[in-house]
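According to this note's numbering, the sequence shown is numbered sequentially starting from 46.
All C-beta atoms, glycine included, are put in the ideal place defined by N, C-alpha and C.
These figures come from a predicted structure and were not determined experimentally.
One structure is given below, encoded as structure tokens.
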Amino acid sequence: MKEKIHPEYHQTTIRCACGNEVPTGSTRKDIRVEICSQCHPFFTGKQKLMDSAGRIERFQKKYAKVLNKKAAPAEKAAV
46 MKEKIHPEYH QTTIRCACGN EVPTGSTRKD IRVEICSQCH PFFTGKQKLM
96 DSAGRIERFQ KKYAKVLNKK AAPAEKAAV
């Protein structure tokens, strides 16, 4: 290997936003991540519903008038 061309290799810790810490080696001194295997839904088996209820309600409110207009003529024709 040539000297003085390779970056320094440090013992460092990867820190997740959930608080999990994993010791490793890297050329960076500090590594921070937003999600890791301790908090990711794929690995934990738990699913987090962020705002799906709000999105569904917004969709229903937005298209309620259109859906009601389509349903009203069908009811009148049946009478």
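Simplified DSSP state of residue i, which is helix, strand or coil
i	result
Gly70	strand
Ile76	strand
Ile59	strand
Pro86	helix
Ile101	helix
Lys114	helix
Lys91	coil
Lys49	coil
Tyr108	helix
Residue i vs residue j beta-carbon contact at 8 Å
i	j	result
Arg100	Arg77	no
Glu53	Thr72	yes
His55	Lys74	yes
His92	Cys63	Note that residue 92 is Gln in the sequence shown here, rather than His. Their beta carbons are not under 8 Å apart, which means Gln92 does not touch Cys63 by this criterion.
Anticipated Cβ contact below 8 Å, residue i with residue j, distance rounded
i	j	result
Glu66	Thr58	5 Å
Own chain residues within Cβ distance below 6 Å of residue i, not counting five before or after
i	result
Arg103	none
Glu48	none
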